[in-house]
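Note sheet for the following structure.
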Amino acid sequence: MHPLDHLPLTLLAAVLFSVSWLDHSAVSAAPSASGPQIHQMELSRSCRQQRNATQWGEWVSYQRSRLAVKYDNETSVLAKRENGMNLLSDQNADSTYFGSLTAGTPPVSYNVILDTGSSDFWLATEEAFHENNVGTPGFNPSASSSYVPLNTPFSIKYGSGNAAGVLGKDTIQMAGFTVEDQVLAVVANMSENMLRTPVSGLLGLAFPNIATSHAVPFWLNVAAQPGFLDVALMGFHLTRYLDDVSARSSEPGGTFSFGAVNTSLYTGEIDYVDIPEDRVGYWLLELTGEYVTLSSPAYAAIDTGTTLVGGPADTIADIFSTIPGSAPGTGDYDGYYTYPCSTSVTISLRFGNSSIAWPISPVDFQLVQLDSETCVGALFEFKTGAGGPTWIVGDTFLKNVYSVFRAEPQPSVGFARLSPLAESMNGQGGALPTPTYAAGGAVVTAQDGLSRSGSVPAQSLPNLVLLFSSLLSMAWWTSF
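Numbered per mature numbering (1 follows the signal peptide of the UniProt record, and there is no 0), the sequence shown spans residues -29 to -1, 1 to 451.
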(Lines of atoms letter the chains of each structure in order from A and count residues from 1; the text may use other names and numbers.)
(Lines give C-alpha, C1' and ligand atoms only; values in the text may rest on other atoms or scores of the structure.)
Protein backbone atom coordinates (compact mmCIF):
# COMPACT_ATOMS: atom_id res chain seq x y z
CA MET A 1 0.00 0.00 0.00
CA HIS A 2 1.21 3.51 -0.80
CA PRO A 3 2.04 5.32 2.48
CA LEU A 4 -0.46 8.05 1.53
CA ASP A 5 -3.39 5.87 0.50
CA HIS A 6 -5.27 6.69 3.68
CA LEU A 7 -5.58 10.36 2.71
CA PRO A 8 -8.61 11.75 0.84
CA LEU A 9 -8.36 11.86 -2.93
CA THR A 10 -9.28 15.01 -4.83
CA LEU A 11 -8.79 15.18 -8.58
CA LEU A 12 -9.00 18.59 -10.20
CA ALA A 13 -8.05 19.37 -13.80
CA ALA A 14 -4.69 20.78 -12.87
CA VAL A 15 -1.65 19.96 -10.66
CA LEU A 16 -0.95 16.81 -8.65
CA PHE A 17 0.70 16.73 -5.25
CA SER A 18 2.12 13.41 -4.10
CA VAL A 19 4.63 12.68 -1.38
CA SER A 20 7.18 9.87 -1.33
CA TRP A 21 9.80 9.17 1.31
CA LEU A 22 12.29 7.13 -0.66
CA ASP A 23 11.75 7.78 -4.38
CA HIS A 24 15.08 8.96 -5.78
CA SER A 25 14.37 7.92 -9.36
CA ALA A 26 14.91 10.28 -12.26
CA VAL A 27 14.39 9.15 -15.83
CA SER A 28 16.36 10.93 -18.51
CA ALA A 29 17.52 10.21 -22.03
CA ALA A 30 20.27 11.55 -24.23
CA PRO A 31 19.79 15.18 -25.31
CA SER A 32 18.22 15.66 -28.69
CA ALA A 33 20.59 16.38 -31.54
CA SER A 34 17.83 17.82 -33.69
CA GLY A 35 16.53 21.37 -33.79
CA PRO A 36 18.16 24.71 -34.55
CA GLN A 37 21.80 25.46 -33.89
CA ILE A 38 22.20 27.46 -30.71
CA HIS A 39 24.56 30.16 -29.56
CA GLN A 40 24.68 29.37 -25.85
CA MET A 41 26.07 31.28 -22.90
CA GLU A 42 26.94 29.65 -19.60
CA LEU A 43 25.16 30.83 -16.47
CA SER A 44 26.57 31.36 -13.02
CA ARG A 45 25.46 31.15 -9.43
CA SER A 46 26.96 31.39 -5.94
CA CYS A 47 27.13 28.95 -3.09
CA ARG A 48 25.20 28.56 0.15
CA GLN A 49 27.01 30.24 3.01
CA GLN A 50 27.57 28.68 6.42
CA ARG A 51 25.07 30.03 8.96
CA ASN A 52 23.89 29.27 12.45
CA ALA A 53 20.29 28.51 13.39
CA THR A 54 19.49 32.16 14.17
CA GLN A 55 20.80 33.36 10.83
CA TRP A 56 18.89 30.66 8.96
CA GLY A 57 15.78 31.66 10.89
CA GLU A 58 16.12 35.25 9.72
CA TRP A 59 16.56 34.05 6.13
CA VAL A 60 13.53 31.74 6.02
CA SER A 61 11.38 34.37 7.74
CA TYR A 62 12.46 36.86 5.07
CA GLN A 63 11.58 34.45 2.26
CA ARG A 64 8.08 33.92 3.62
CA SER A 65 7.39 37.61 4.21
CA ARG A 66 8.57 38.77 0.79
CA LEU A 67 6.26 36.31 -0.92
CA ALA A 68 3.28 37.29 1.22
CA VAL A 69 3.63 40.95 0.30
CA LYS A 70 4.35 40.26 -3.36
CA TYR A 71 1.03 38.46 -3.81
CA ASP A 72 -1.06 40.62 -1.46
CA ASN A 73 -3.78 41.65 -3.89
CA GLU A 74 -5.72 43.46 -1.21
CA THR A 75 -3.42 46.10 -0.48
CA SER A 76 9.33 51.85 -28.47
CA VAL A 77 11.32 50.87 -31.24
CA LEU A 78 13.03 47.48 -31.58
CA ALA A 79 16.38 46.64 -33.10
CA LYS A 80 17.16 42.95 -33.65
CA ARG A 81 20.68 41.89 -32.60
CA GLU A 82 22.77 39.18 -34.18
CA ASN A 83 23.97 38.04 -30.78
CA GLY A 84 23.88 39.05 -27.16
CA MET A 85 23.40 37.70 -23.70
CA ASN A 86 22.24 38.65 -20.26
CA LEU A 87 24.09 37.44 -17.22
CA LEU A 88 21.75 35.67 -14.81
CA SER A 89 22.56 35.16 -11.16
CA ASP A 90 21.14 32.95 -8.44
CA GLN A 91 21.45 34.72 -5.10
CA ASN A 92 21.76 32.99 -1.77
CA ALA A 93 21.57 29.27 -2.38
CA ASP A 94 19.37 29.38 -5.47
CA SER A 95 16.99 31.94 -3.96
CA THR A 96 16.93 34.64 -6.68
CA TYR A 97 17.96 34.47 -10.33
CA PHE A 98 18.97 37.68 -12.06
CA GLY A 99 20.32 38.70 -15.43
CA SER A 100 22.11 41.60 -17.07
CA LEU A 101 20.71 44.20 -19.44
CA THR A 102 21.75 47.64 -20.59
CA ALA A 103 19.79 50.86 -20.19
CA GLY A 104 20.25 54.31 -21.64
CA THR A 105 22.42 56.01 -24.25
CA PRO A 106 25.31 55.34 -23.98
CA PRO A 107 24.31 51.90 -22.65
CA VAL A 108 25.19 51.00 -19.06
CA SER A 109 24.97 47.40 -17.81
CA TYR A 110 22.77 46.50 -14.82
CA ASN A 111 21.85 43.24 -13.11
CA VAL A 112 18.11 42.71 -12.63
CA ILE A 113 16.04 39.96 -11.04
CA LEU A 114 14.22 37.94 -13.71
CA ASP A 115 10.72 37.48 -12.34
CA THR A 116 7.91 35.59 -14.08
CA GLY A 117 5.73 36.40 -11.06
CA SER A 118 5.44 40.13 -11.78
CA SER A 119 5.30 42.51 -14.76
CA ASP A 120 6.94 45.79 -13.76
CA PHE A 121 10.45 46.84 -14.74
CA TRP A 122 12.41 49.14 -12.49
CA LEU A 123 15.96 50.28 -11.83
CA ALA A 124 17.20 51.93 -8.64
CA THR A 125 19.17 55.16 -8.61
CA GLU A 126 22.26 55.54 -6.45
CA GLU A 127 20.34 57.71 -3.99
CA ALA A 128 18.07 54.72 -3.27
CA PHE A 129 20.96 52.43 -2.30
CA HIS A 130 21.96 51.38 1.20
CA GLU A 131 25.07 49.84 2.74
CA ASN A 132 24.25 46.45 1.23
CA ASN A 133 24.37 47.96 -2.28
CA VAL A 134 28.00 49.14 -2.18
CA GLY A 135 29.60 48.82 -5.61
CA THR A 136 26.29 48.36 -7.42
CA PRO A 137 25.66 50.74 -10.35
CA GLY A 138 22.57 52.93 -10.01
CA PHE A 139 20.53 54.18 -12.94
CA ASN A 140 21.16 57.85 -13.74
CA PRO A 141 18.46 59.29 -16.06
CA SER A 142 20.34 62.54 -16.59
CA ALA A 143 23.29 60.61 -18.06
CA SER A 144 21.14 59.04 -20.77
CA SER A 145 20.37 61.08 -23.88
CA SER A 146 17.50 58.73 -24.77
CA TYR A 147 15.66 58.98 -21.44
CA VAL A 148 12.18 60.55 -21.57
CA PRO A 149 10.52 61.43 -18.23
CA LEU A 150 6.84 60.59 -17.85
CA ASN A 151 6.55 62.16 -14.37
CA THR A 152 4.04 59.51 -13.28
CA PRO A 153 4.50 58.32 -9.67
CA PHE A 154 5.38 54.65 -9.17
CA SER A 155 5.18 52.57 -6.00
CA ILE A 156 5.24 48.83 -5.47
CA LYS A 157 5.41 46.46 -2.49
CA TYR A 158 7.40 43.25 -2.17
CA GLY A 159 8.01 41.08 0.86
CA SER A 160 11.49 42.55 1.10
CA GLY A 161 10.12 46.09 1.27
CA ASN A 162 8.85 48.94 -0.86
CA ALA A 163 10.17 50.69 -3.96
CA ALA A 164 9.00 54.12 -5.12
CA GLY A 165 9.92 56.60 -7.82
CA VAL A 166 8.66 57.88 -11.17
CA LEU A 167 8.03 56.35 -14.59
CA GLY A 168 10.06 57.15 -17.67
CA LYS A 169 11.09 55.70 -21.03
CA ASP A 170 14.52 54.70 -22.26
CA THR A 171 16.41 52.38 -24.58
CA ILE A 172 16.81 48.91 -23.08
CA GLN A 173 18.89 46.05 -24.47
CA MET A 174 18.65 42.49 -23.19
CA ALA A 175 19.48 39.09 -24.64
CA GLY A 176 20.27 40.54 -28.04
CA PHE A 177 17.21 42.78 -28.43
CA THR A 178 16.91 46.54 -28.08
CA VAL A 179 13.62 48.22 -27.20
CA GLU A 180 13.52 51.99 -27.53
CA ASP A 181 11.05 53.91 -25.38
CA GLN A 182 10.58 50.98 -23.00
CA VAL A 183 8.66 52.12 -19.92
CA LEU A 184 10.56 51.65 -16.67
CA ALA A 185 10.30 52.93 -13.14
CA VAL A 186 13.21 54.99 -11.85
CA VAL A 187 13.30 54.12 -8.15
CA ALA A 188 14.68 56.81 -5.85
CA ASN A 189 13.48 55.29 -2.57
CA MET A 190 13.49 51.66 -1.50
CA SER A 191 13.64 49.62 1.68
CA GLU A 192 17.03 48.50 2.92
CA ASN A 193 16.58 44.81 2.07
CA MET A 194 15.03 45.27 -1.36
CA LEU A 195 18.24 44.55 -3.29
CA ARG A 196 21.71 43.23 -2.58
CA THR A 197 24.93 43.79 -4.51
CA PRO A 198 25.25 43.42 -7.47
CA VAL A 199 21.53 43.73 -8.33
CA SER A 200 20.19 47.12 -9.51
CA GLY A 201 16.53 46.32 -10.21
CA LEU A 202 13.85 43.90 -11.34
CA LEU A 203 12.50 42.85 -14.75
CA GLY A 204 8.96 41.45 -14.66
CA LEU A 205 8.24 38.70 -17.20
CA ALA A 206 4.50 38.18 -16.64
CA PHE A 207 1.58 39.86 -18.44
CA PRO A 208 0.79 43.61 -18.49
CA ASN A 209 -2.59 43.47 -16.75
CA ILE A 210 -0.87 42.86 -13.39
CA ALA A 211 1.71 45.63 -13.88
CA THR A 212 1.52 48.45 -11.35
CA SER A 213 2.89 50.75 -14.06
CA HIS A 214 0.25 49.55 -16.59
CA ALA A 215 3.13 49.28 -19.08
CA VAL A 216 3.77 46.58 -21.66
CA PRO A 217 6.69 44.43 -20.39
CA PHE A 218 9.96 44.25 -22.30
CA TRP A 219 9.45 40.63 -23.38
CA LEU A 220 5.99 41.33 -24.78
CA ASN A 221 7.21 44.38 -26.71
CA VAL A 222 9.69 42.07 -28.42
CA ALA A 223 7.29 39.15 -28.89
CA ALA A 224 4.56 41.28 -30.47
CA GLN A 225 6.77 42.41 -33.36
CA PRO A 226 6.39 40.41 -36.61
CA GLY A 227 9.52 38.59 -37.72
CA PHE A 228 11.52 38.94 -34.52
CA LEU A 229 10.89 35.60 -32.81
CA ASP A 230 10.36 32.13 -34.18
CA VAL A 231 8.08 31.49 -31.20
CA ALA A 232 7.04 33.92 -28.46
CA LEU A 233 8.48 32.02 -25.51
CA MET A 234 11.10 32.09 -22.78
CA GLY A 235 12.99 29.03 -21.54
CA PHE A 236 14.74 28.51 -18.19
CA HIS A 237 17.25 25.94 -17.01
CA LEU A 238 18.50 26.52 -13.47
CA THR A 239 21.40 24.60 -11.97
CA ARG A 240 21.80 23.54 -8.35
CA TYR A 241 24.66 24.16 -5.94
CA LEU A 242 22.48 24.00 -2.82
CA ASP A 243 24.15 20.80 -1.64
CA ASP A 244 27.70 21.67 -2.75
CA VAL A 245 29.69 22.64 0.34
CA SER A 246 32.79 23.41 -1.76
CA ALA A 247 31.07 25.77 -4.18
CA ARG A 248 32.71 29.12 -4.85
CA SER A 249 30.95 32.43 -4.31
CA SER A 250 29.95 32.43 -7.99
CA GLU A 251 29.32 29.35 -10.10
CA PRO A 252 27.78 28.47 -13.48
CA GLY A 253 24.05 28.41 -12.89
CA GLY A 254 21.94 27.65 -15.96
CA THR A 255 20.52 29.07 -19.17
CA PHE A 256 17.84 31.55 -20.19
CA SER A 257 16.51 31.55 -23.77
CA PHE A 258 14.21 33.97 -25.55
CA GLY A 259 12.51 32.99 -28.81
CA ALA A 260 13.40 29.28 -28.86
CA VAL A 261 14.08 26.38 -26.54
CA ASN A 262 17.48 24.77 -26.07
CA THR A 263 16.97 21.16 -27.14
CA SER A 264 20.26 20.04 -25.58
CA LEU A 265 18.97 20.83 -22.09
CA TYR A 266 15.89 18.61 -22.03
CA THR A 267 14.80 15.20 -23.22
CA GLY A 268 11.46 14.03 -24.55
CA GLU A 269 8.60 16.40 -25.28
CA ILE A 270 7.74 19.67 -23.55
CA ASP A 271 4.47 19.12 -21.70
CA TYR A 272 2.46 22.35 -22.14
CA VAL A 273 -0.54 23.28 -20.00
CA ASP A 274 -2.68 26.27 -21.01
CA ILE A 275 -3.35 29.13 -18.63
CA PRO A 276 -7.13 29.41 -18.07
CA GLU A 277 -8.43 32.09 -20.45
CA ASP A 278 -9.93 34.15 -17.64
CA ARG A 279 -6.76 33.95 -15.50
CA VAL A 280 -4.08 35.42 -17.82
CA GLY A 281 -1.92 37.84 -15.83
CA TYR A 282 0.35 35.54 -13.88
CA TRP A 283 1.76 32.42 -15.51
CA LEU A 284 -0.96 30.49 -13.73
CA LEU A 285 -1.82 26.78 -13.79
CA GLU A 286 -4.54 24.92 -11.93
CA LEU A 287 -3.53 22.36 -9.30
CA THR A 288 -4.92 18.98 -8.35
CA GLY A 289 -4.44 16.85 -5.25
CA GLU A 290 -4.16 13.09 -5.50
CA TYR A 291 -2.91 12.14 -2.05
CA VAL A 292 -3.86 15.34 -0.27
CA THR A 293 -7.03 17.40 -0.51
CA LEU A 294 -6.77 20.75 -2.29
CA SER A 295 -9.33 23.52 -2.17
CA SER A 296 -11.22 23.97 -5.42
CA PRO A 297 -10.16 25.68 -7.56
CA ALA A 298 -6.46 25.70 -6.68
CA TYR A 299 -4.28 27.86 -8.92
CA ALA A 300 -0.47 28.11 -8.86
CA ALA A 301 1.67 30.97 -10.14
CA ILE A 302 4.85 29.60 -11.75
CA ASP A 303 7.34 32.14 -10.49
CA THR A 304 11.08 32.30 -11.20
CA GLY A 305 11.31 35.23 -8.78
CA THR A 306 10.28 33.10 -5.80
CA THR A 307 12.68 30.77 -4.02
CA LEU A 308 10.35 28.22 -2.45
CA VAL A 309 6.85 26.74 -2.77
CA GLY A 310 4.02 28.35 -0.81
CA GLY A 311 0.49 27.05 -0.34
CA PRO A 312 -2.58 27.02 1.94
CA ALA A 313 -1.91 26.17 5.58
CA ASP A 314 -4.28 23.19 5.70
CA THR A 315 -2.75 21.54 2.63
CA ILE A 316 0.82 22.15 3.79
CA ALA A 317 -0.15 20.56 7.11
CA ASP A 318 -1.63 17.55 5.28
CA ILE A 319 1.56 17.09 3.27
CA PHE A 320 3.82 17.15 6.32
CA SER A 321 1.46 14.92 8.29
CA THR A 322 2.54 12.10 5.96
CA ILE A 323 6.20 12.56 6.98
CA PRO A 324 6.96 10.77 10.28
CA GLY A 325 8.51 13.04 12.87
CA SER A 326 7.54 16.32 11.20
CA ALA A 327 6.37 19.28 13.29
CA PRO A 328 5.27 22.90 12.76
CA GLY A 329 8.05 25.45 13.02
CA THR A 330 8.05 28.20 15.64
CA GLY A 331 9.51 31.70 15.90
CA ASP A 332 11.33 32.64 12.70
CA TYR A 333 10.26 29.26 11.30
CA ASP A 334 6.57 29.93 11.80
CA GLY A 335 4.71 28.72 8.70
CA TYR A 336 7.41 26.17 7.91
CA TYR A 337 7.72 22.56 9.08
CA THR A 338 10.66 20.61 10.42
CA TYR A 339 11.26 16.93 9.75
CA PRO A 340 14.00 14.36 10.43
CA CYS A 341 17.01 14.89 8.17
CA SER A 342 17.30 11.11 7.90
CA THR A 343 14.03 11.07 5.92
CA SER A 344 14.45 11.60 2.18
CA VAL A 345 11.30 13.32 0.91
CA THR A 346 10.20 13.68 -2.71
CA ILE A 347 7.25 15.91 -3.60
CA SER A 348 5.72 15.49 -7.07
CA LEU A 349 3.56 18.00 -8.95
CA ARG A 350 1.23 17.42 -11.89
CA PHE A 351 -0.26 20.29 -13.87
CA GLY A 352 -3.55 20.51 -15.73
CA ASN A 353 -4.80 17.36 -17.37
CA SER A 354 -1.24 16.16 -17.86
CA SER A 355 -0.39 12.58 -16.99
CA ILE A 356 3.15 13.54 -15.97
CA ALA A 357 4.10 14.06 -12.33
CA TRP A 358 7.20 16.24 -11.92
CA PRO A 359 9.30 15.44 -8.83
CA ILE A 360 11.12 17.89 -6.58
CA SER A 361 14.48 16.45 -5.58
CA PRO A 362 14.94 15.65 -1.87
CA VAL A 363 17.96 17.98 -2.07
CA ASP A 364 15.70 20.91 -2.96
CA PHE A 365 13.01 19.87 -0.48
CA GLN A 366 15.58 20.10 2.33
CA LEU A 367 15.83 23.86 2.71
CA VAL A 368 17.79 24.17 5.96
CA GLN A 369 19.56 21.70 8.24
CA LEU A 370 19.23 23.11 11.75
CA ASP A 371 21.30 20.42 13.46
CA SER A 372 22.41 16.83 12.91
CA GLU A 373 18.83 15.56 13.18
CA THR A 374 16.41 18.36 12.24
CA CYS A 375 15.78 19.86 8.81
CA VAL A 376 13.33 22.48 7.49
CA GLY A 377 11.22 21.76 4.40
CA ALA A 378 10.98 24.09 1.40
CA LEU A 379 7.15 24.17 1.42
CA PHE A 380 5.55 26.76 3.67
CA GLU A 381 2.15 28.17 4.59
CA PHE A 382 1.07 31.06 2.41
CA LYS A 383 -2.13 33.04 1.81
CA THR A 384 -2.77 35.63 -0.89
CA GLY A 385 -5.31 38.40 -0.95
CA ALA A 386 -8.62 38.11 -2.77
CA GLY A 387 -8.15 37.07 -6.40
CA GLY A 388 -4.54 35.98 -5.96
CA PRO A 389 -3.11 32.55 -6.79
CA THR A 390 -3.59 29.84 -4.18
CA TRP A 391 -0.10 28.41 -4.64
CA ILE A 392 3.26 29.93 -5.60
CA VAL A 393 5.65 27.49 -7.25
CA GLY A 394 9.19 28.84 -7.31
CA ASP A 395 12.75 27.73 -7.91
CA THR A 396 12.59 24.83 -5.45
CA PHE A 397 10.55 23.14 -8.17
CA LEU A 398 11.89 24.88 -11.29
CA LYS A 399 15.46 23.65 -10.75
CA ASN A 400 14.15 20.14 -11.41
CA VAL A 401 12.71 20.78 -14.89
CA TYR A 402 13.32 22.68 -18.09
CA SER A 403 10.55 25.29 -17.98
CA VAL A 404 9.03 27.20 -20.89
CA PHE A 405 6.74 30.24 -20.71
CA ARG A 406 4.90 30.47 -24.03
CA ALA A 407 2.64 33.33 -25.15
CA GLU A 408 1.23 31.81 -28.32
CA PRO A 409 -0.94 30.31 -29.71
CA GLN A 410 -2.46 30.17 -26.20
CA PRO A 411 -0.57 31.42 -23.12
CA SER A 412 0.82 28.31 -21.46
CA VAL A 413 3.62 26.93 -19.32
CA GLY A 414 5.53 23.82 -20.31
CA PHE A 415 7.90 21.49 -18.52
CA ALA A 416 10.34 18.90 -19.78
CA ARG A 417 12.67 16.41 -18.15
CA LEU A 418 16.24 17.68 -17.84
CA SER A 419 18.76 16.06 -20.17
CA PRO A 420 21.91 14.34 -18.91
CA LEU A 421 23.81 17.41 -20.10
CA ALA A 422 21.66 19.71 -17.98
CA GLU A 423 21.91 17.40 -14.97
CA SER A 424 25.69 17.27 -15.33
CA MET A 425 25.93 21.05 -14.88
CA ASN A 426 24.91 20.83 -11.21
CA GLY A 427 27.91 21.55 -9.00
CA GLN A 428 30.44 21.53 -11.85
CA GLY A 429 31.96 25.00 -11.50
CA GLY A 430 33.74 26.69 -14.38
CA ALA A 431 34.74 30.10 -15.67
CA LEU A 432 32.22 32.92 -15.36
CA PRO A 433 31.12 34.57 -18.62
CA THR A 434 31.04 38.29 -19.33
CA PRO A 435 28.12 39.92 -21.18
CA THR A 436 28.53 41.00 -24.79
CA TYR A 437 26.26 43.26 -26.81
CA ALA A 438 25.97 43.44 -30.59
CA ALA A 439 25.07 46.46 -32.69
CA GLY A 440 22.85 46.89 -35.73
CA GLY A 441 19.48 45.45 -36.72
CA ALA A 442 15.99 46.31 -37.89
CA VAL A 443 13.83 49.01 -36.30
CA VAL A 444 10.09 48.79 -35.49
CA THR A 445 7.72 50.68 -33.20
CA ALA A 446 7.09 49.29 -29.72
CA GLN A 447 3.66 49.00 -28.13
CA ASP A 448 2.43 52.05 -26.29
CA GLY A 449 -0.32 50.83 -23.99
CA LEU A 450 -1.65 48.07 -21.81
CA SER A 451 -2.56 44.84 -23.57
CA ARG A 452 -5.61 43.68 -21.63
CA SER A 453 -5.57 40.14 -22.92
CA GLY A 454 -1.89 39.64 -22.25
CA SER A 455 -1.64 37.29 -25.23
CA VAL A 456 0.38 37.64 -28.41
CA PRO A 457 -1.39 37.02 -31.74
CA ALA A 458 -0.16 34.02 -33.68
CA GLN A 459 2.03 35.15 -36.58
CA SER A 460 4.33 33.72 -39.19
CA LEU A 461 7.72 34.48 -37.69
CA PRO A 462 10.43 33.26 -40.04
CA ASN A 463 13.48 34.54 -38.19
CA LEU A 464 14.75 32.32 -35.41
CA VAL A 465 16.46 34.20 -32.63
CA LEU A 466 18.17 32.18 -29.94
CA LEU A 467 19.24 34.25 -27.01
CA PHE A 468 20.89 32.75 -24.00
CA SER A 469 22.07 34.18 -20.75
CA SER A 470 24.37 33.35 -17.91
CA LEU A 471 23.09 32.63 -14.45
CA LEU A 472 25.03 33.65 -11.40
CA SER A 473 24.34 32.75 -7.83
CA MET A 474 25.43 35.37 -5.31
CA ALA A 475 24.95 35.14 -1.55
CA TRP A 476 21.94 37.19 -0.44
CA TRP A 477 23.06 37.63 3.14
CA THR A 478 26.60 38.76 2.48
CA SER A 479 27.20 39.44 6.17
CA PHE A 480 26.66 35.81 7.15
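Where a beta carbon is used, it is the ideal one built from N, C-alpha and C, also for glycine.
By the neighbour-count definition (other C-beta atoms within 10 Å, threshold 16), residue 192 is a buried residue. Sequence-distant partners of residue 186 (beyond 5 residues in either direction) whose C-beta falls short of 6 Å from its own C-beta, in its chain, are 154. Residue 330 carries a strand assignment under DSSP once its states are collapsed to helix, strand and coil. One alpha carbon belongs to residue 341, the other to residue 282, and they sit about 23 Å apart.
When C-alpha distances from residue 372 are compared across 236, 77, 288, 354, the shortest belongs to 236.
Annotated three-state conformation of residue 193 is helix, per DSSP. Pairing residue 363 with residue 178, the inter-Cα distance amounts to about 16 Å. Unbroken alpha helix (DSSP H) stretches of 4 residues or longer found wholly inside the segment 318 to 373: 333 to 336, 366 to 369, given in chain order.
Looking at the DSSP output, residue 256 bridges to 271. Residue 115 and residue 80 have their C-alpha atoms roughly 13 Å apart. In terms of Cβ geometry, residue 255 and residue 360 form a close pair [threshold 8 Å].
In this structure, the alpha-carbon of residue 357 lies about 20 Å from that of residue 306. For the 8 Å CB-CB criterion, residue 207 and residue 374 form a contact. By alpha-carbon distance to residue 98, the top candidate from 310, 253, 172, 159 is 159.
The beta carbon of residue 117 lies closer than 6 Å to those of 76, 141, 142 in the same chain, with the five residues before and after it left out.
Residue 308 carries a strand assignment under DSSP once its states are collapsed to helix, strand and coil. Of the other Cβ atoms in all chains shown, 16 or more fall within 10 Å of the Cβ of residue 73; this residue is therefore buried. Closest in alpha carbon position to residue 119, among 137, 103, 322, is 137. Its chain contains 47, 187, 191, 192, 195 as the residues whose beta carbon lies nearer than 8 Å to that of residue 418, once the 5 sequence neighbours on both sides are disregarded; these appear in chain order.
Across the structure, residue 296 and residue 312 are spaced so that their CA atoms are roughly 10 Å apart. In the DSSP annotation of this structure, residue 394 is not part of any beta strand (DSSP E); the continuous alpha helix (DSSP H) holding it starts and ends at 391 to 395.
DSSP places residue 241 inside the beta strand (DSSP E), whose first and last residues are 237 to 245. Our two residues, residue 107 and residue 242, have alpha carbons roughly 39 Å apart in a direct line.
Remark: C-beta atoms of residue 366 and residue 226 do not approach each other more closely than 8 Å. Looking at the DSSP output, residue 377 bridges to 204, 383.
Per DSSP, the continuous alpha helix (DSSP H) segment holding residue 288 begins and ends at 284 to 292. At a Cβ-Cβ threshold of 8 Å, residue 182 and residue 172 do not count as neighbours. Assignment of residue 103 by DSSP, reduced to helix, strand and coil, places it in the helix class.
Counting only runs that start and end inside the segment 110 to 196, the alpha helix (DSSP H) elements of at least 4 residues fall at 189 to 194.
According to the DSSP assignment, residue 89 belongs to no beta strand (DSSP E), since it is labelled neither H nor E. Considering only 213, 376, 234, the residue with the shortest C-alpha distance to residue 335 is 213. Checking the DSSP bridge columns, you'll see residue 70 partnered with 83.
Rounded to whole angstroms, the gap between the alpha carbons of residue 201 and residue 330 is 30 Å.
With 16 or more other CB atoms across the displayed protein chains lying within 10 angstroms of its CB, residue 144 is buried. Assignment of residue 276 by DSSP, reduced to helix, strand and coil, places it in the coil class.
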